[in-house]
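Colleague: Residue numbers (our numbering), protein chains in the order written: chain A, 1 to 353; chain B, 1 to 353.
Supplied in structure tokens, the structure appears directly below.
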């Protein structure tokens with residue numbers, strides 16, 4: 001998958017120095033028309049120009065991804081990387097219950113990357129922008145001494161009374177999550193296994209067969225822009241909202257800290273896809289751990305008033321994990337067997353992201 | 001100056017892993033109150049919230065700085081680095097003739113950086129924010145496998161009819177520049193000389209003596225937020241505007257490209273401080289080259305109607321370099337001796353930034 005990177009020289013690939021950064025930027029940012037009416041001016045000047053939307057407030061967020069820390073280009077296709085970086089930015093906008101509208105992308109690129117490699121990355125960037133109806137309006141391209149670093153700045157907007165932060169959760173409220181958790185982490189495990197197999201025998205073609213869903217969750221994640229409509233259908237906006245990027249365990253702790261509450265969640269209630277259970281058994285990993293520590297699911301974590309319980313029962317896309325408690329009660333996970341654990345004791349403690 | 005970085009261990013410094021990223025973020029982002037009325041919510045949630053300013057349009061820009069490419073922490077003090085990164089972001093906002101209002105800062109940090117080193121960096125960030133009256137409203141902190149990478153996202157606003165891009169310059173208009181050029185580049189040369197001296201004898205204290213101005217232009221640059229008022233005093237907004245970050249030569253070429261014009265500038269007219277001339281003689285460098293290729297001056301480059309010539313004559317802060325021509329006439333520098341050169345032939349051609 002790294003066939004677009006410079007090895008020693010040549011191979012029909014173009015070193016970036018050969019065409020220069022301005023020409024590279026022209027190649028990768030060519031966009032005929034902007035999708036968002038608020039986009040007044042995009043790439044090509046000192047800054048993008050964005051017109052205010054009457055009644056809306058803006059949200060802005062920035063997210064950095066580093067080669068060797070957040071991704072490994074030996075098995076992560078560059079096009080998917082570009083796509084995923086955009087989704088990560090959009091997800092932070094969605095996590096405020098805002099509508100994503102623009103992104104800016106800054107890249108630091110080491111010498112191993114060719115023009116063709118960066119073009120491949122931007123295919124994914126443009127695909128994600130098209131899918132989510134947003135505009136790439138600016139960025140920066142510079143050189144790096146070690147690998148690829150990407151910073152995405154994502155911009156969105158919504159009426160102020162629809163924006164939702166992390167700090168509004170109160171004791172007694174329901175803790176909910178969209179979709180299912182842990183699949184992106186299992187997808188990563190699959191890719192890493194394939195990398196080991198490939199190293200031993202480069203002739204082998206990867207076959208993810210029945211586990212394609214897990215792979216897709218890792219390399220082609222989705223930002224939950226659809227949840228906002230689901231809240232409207234329920235007739236109730238969440239009191240607190242965030243996206244799950246670091247893993248349910250760390251993210252729920254962050255939400256509790258921001259809101260000044262504790263939580264009590266039930267292992268039985270954590271939505272985990274059967275494929276995660278199946279592969280976790282093969283890999284001898286605890287599937288609950290995948291959900292708590294895996295991260296990159298880009299699902300939404302949110303709280304709703306206890307009065308919403310009946311409406312949520314059996315909801316096809318929203319799971320109630322438990323409820324908020326007093327801050328002093330800590331973060332409790334009630335296991336399948338009914339035992340109470342401090343949440344962080346059931347988690348990995350890998351390096352911070 | 002790298003006394004805050006991890007050497008082997010200890011020295012009374014705190015590895016970031018010891019307190020964790022969330023605690024580090026709390027330490028470096030603690031801000032009591034926001035300065036901009038448009039800042040609704042800053043650091044601590046999934047995204048910052050920014051209220052629209054009636055009648056204003058937003059400008060947003062992002063800029064990346066990479067250790068070993070844009071800065072060298074062996075001689076560049078971390079506090080000044082933090083300050084300079086903010087100024088670089090603000091300068092891009094000013095280059096649209098907008099008022100800077102918020103920034104977001106994303107950092108990828110390698111293991112050699114301690115909590116104390118990052119705190120030092122943020123002292124500079126906060127000092128610049130205070131000086132320019134802007135708010136730090138968000139960011140990201142992650143780990144890196146090689147050195148420090150910083151991305152600044154800068155946000156500003158102004159009424160749409162005051163914003164100025166790069167594409168409005170027309171044939172016959174005056175090419176102007178604020179302040180003086182080449183000093184930041186000579187400051188960098190000074191620092192690099194001291195680094196060599198220090199390597200040979202670490203006991204020697206640097207003494208920049210009479211050249212303090214050049215040093216300051218490198219380590220404590222200023223964004224020209226004051227120029228907007230100067231334009232008002234002249235009674236005429238520029239037809240095109242950008243900041244000088246890559247060097248006059250490359251930046252004027254970019255402005256010409258964006259506007260579809262050529263240019264003719266006069267070496268005699270390029271504003272160069274006497275200290276640059278003095279030190280350039282010592283270093284045996286052509287001072288014009290410092291202005292054309294040096295970069296990081298953060299002065300403004302702009303065009304005004306030819307009718308403004310009289311008003312600009314003798315202006316204490318604005319120099320007329322020459323005028324715009326047909327695109328086909330190229331980018332011409334008329335030398336001290338009256339000879340015509342293609343501008344790019346008088347420039348360095350270092351790696352792209």
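Glycine is no exception: its CB is placed at the ideal position from the N, C-alpha and C atoms.
Assign residue 197(A) to one of two classes, buried (16 or more other C-beta atoms within 10 Å of its C-beta) or exposed (fewer than that).
Modeller: Burial call: exposed.
Colleague: Does chain B have any CB closer than 8 Å to the CB of residue 50(A)?
Modeller: It does: the Cβ of residue 50(A) has a partner Cβ on chain B nearer than 8 Å.
Colleague: Terminal residues of the continuous alpha helix (DSSP H) containing residue 228(A)?
Modeller: Residue 228(A) -> alpha helix (DSSP H) spans 227-234.
Colleague: May I ask you to list, following chain order, the residues of the segment 227-257 of chain B that have a beta carbon less than 7 Å from some beta carbon of chain A?
Modeller: Against chain A - using a Cβ distance shorter than 7 Å - the residues of the segment 227-257 of chain B are 242, 243.
Colleague: Given a cut-off of 8 Å, decide if residue 179(A) and residue 96(A) are closer than it, judged by their beta-carbon atoms.
Modeller: Cβ distance not < 8 Å, so residue 96(A) and residue 179(A) don't count as in contact.
Colleague: Can you tell me which residues form a DSSP beta bridge with residue 320(A)?
Modeller: 176(A).
Colleague: What residue range does the alpha helix (DSSP H) around residue 186(B) cover?
Modeller: That run of the alpha helix (DSSP H) goes 183-200.
Colleague: Am I right that residue 324(A) and residue 170(A) are in contact with their C-beta atoms under 8 Å? What's the rounded C-beta distance?
Modeller: That belief holds up - the Cβ atoms of residue 324(A) and residue 170(A) are roughly 6 Å apart, short of 8 Å.
Colleague: For residue 307(B), name the three-state secondary structure that DSSP assigns.
Modeller: Helix at residue 307(B).
Colleague: According to the neighbour-count rule (16 or more other Cβ atoms, all chains shown, within 10 Å of its Cβ), is residue 337(A) buried or exposed?
Modeller: By the 10 Å Cβ count, residue 337(A) comes out exposed.
Colleague: In the DSSP assignment, find the unbroken alpha helix (DSSP H) run with residue 88(B) in it and report its ends.
Modeller: Looking at the DSSP string, the run of the alpha helix (DSSP H) that includes residue 88(B) is 78-94.
Colleague: With a CB to CB cut of under 6 Å and the five nearest residues on each side skipped, what residues in its chain are close to residue 315(B)?
Modeller: There are no such residues.
Colleague: At a cut of 8 Å, does the segment 113-128 of chain B reach the segment 71-85 of chain B through at least three beta carbon pairs?
Modeller: Result yes; three or more Cβ-Cβ pairs closer than 8 Å.
Colleague: Identify whether residue 67(B) lies in helix, strand or coil by the three-state DSSP scheme.
Modeller: It is a strand residue.
Colleague: Once the 5 residues before and after residue 14(B) are set aside, which same chain residues still bring their CB inside 6 Å of it?
Modeller: Only 114, 115 meet the Cβ criterion.
Colleague: Between residue 170(A) and chain B, is any beta-carbon pair separated by less than 8 Å?
Modeller: Taking Cβ atoms only, chain B never reaches closer than 8 Å to residue 170(A), which makes this a no.
Colleague: By the three-class DSSP mapping on this structure, what secondary structure does residue 11(B) have?
Modeller: It is coil, neither helix nor strand.
Colleague: Can you check which of these residues, 72(A), 173(A), 128(A), is closest to residue 322(A) by C-alpha distance?
Modeller: Selected option, being the one with the closest Cα: 173(A).
Colleague: Are the segment 181-200 of chain B and the segment 285-305 of chain B touching by the rule of at least three beta carbon pairs closer than 8 Å?
Modeller: The segment 181-200 of chain B vs the segment 285-305 of chain B: in contact.
Colleague: At the level of alpha carbons, what is the spacing between residue 167(A) and residue 251(A)?
Modeller: Looking at the two C-alpha atoms, the distance is approximately 13 Å.
Colleague: Are the segment 135-146 of chain A and the segment 224-239 of chain A in contact at 8 Å, needing three or more beta carbon pairs?
Modeller: No contact exists between the segment 135-146 of chain A and the segment 224-239 of chain A.
Colleague: Which residues does DSSP list as the beta-bridge partners of residue 99(B)?
Modeller: Looking at the DSSP assignment, residue 99(B) forms a beta bridge with 157(B).
Colleague: At a Cβ threshold of 8 Å, is residue 74(B) touching chain A?
Modeller: No, residue 74(B) does not count as interfacial toward chain A.
Colleague: If I measure Cβ to Cβ from residue 244(B) and keep anything under 8 Å in the same chain, skipping five residues before and after, which residues do I get?
Modeller: Excluding residues within five positions, the ones whose Cβ falls inside 8 Å are 177, 181, 251, 295, 297, 298, 299, 300, 301.
Colleague: Count the other C-beta atoms from every protein chain shown that fall within 10 angstroms of the C-beta of residue 128(B), then say buried if there are 16 or more, exposed otherwise.
Modeller: Looking at its Cβ environment, which holds 16 or more other Cβ atoms inside 10 Å, residue 128(B) is buried.
Colleague: When the Cα atoms are used, what is the spatial distance from residue 231(B) to residue 70(B)?
Modeller: Going from the Cα of residue 231(B) to the Cα of residue 70(B) covers about 31 Å.
Colleague: Check the DSSP bridge columns for residue 105(A) and list the partner residues they point to.
Modeller: Answer is 139(A), 152(A).
Colleague: With distance defined between alpha-carbon atoms, name the residue in 54(A), 42(A), 346(A) nearest to residue 332(A).
Modeller: Taking only the C-alpha atoms, the option nearest residue 332(A) is 346(A).
Colleague: What does the Cβ neighbour count give for residue 20(A), buried or exposed, with the cut at 16 atoms within 10 Å?
Modeller: So residue 20(A) counts as exposed.
Colleague: Of all the residues that make up the segment 11-25 of chain A, which are near chain B by a beta-carbon distance shorter than 7 Å?
Modeller: Residues 20, 21.
Colleague: Note down, in chain order, each residue of its chain lying with its Cβ closer than 6 Å to the Cβ of residue 329(B), except the 5 sequence neighbours on either side.
Modeller: Contacts found: 262.
Colleague: Jot down the residue ranges of each uninterrupted alpha helix (DSSP H) in the segment 247-321 of chain A, minimum 4 residues, whole runs only, in chain order.
Modeller: Runs of the alpha helix (DSSP H) inside the segment 247-321 of chain A: 248-259, 274-283, 287-293, 309-312.
Colleague: Out of curiosity, what's the CA-to-CA distance linking residue 12(A) and residue 148(B)?
Modeller: Near 33 Å, if we compare the C-alpha coordinates of residue 148(B) and residue 12(A).
Colleague: Say whether chain A places a C-beta atom closer than 8 Å to the C-beta of residue 101(B).
Modeller: By this cut-off, residue 101(B) is not an interface position.
Colleague: Between which two residues does the alpha helix (DSSP H) containing residue 27(B) stretch?
Modeller: Element bounds for residue 27(B): 21-29.
Colleague: Could you give the distance in angstroms between the alpha-carbon of residue 144(B) and the alpha-carbon of residue 213(A)?
Modeller: Each residue's alpha carbon lies about 30 Å from the other.
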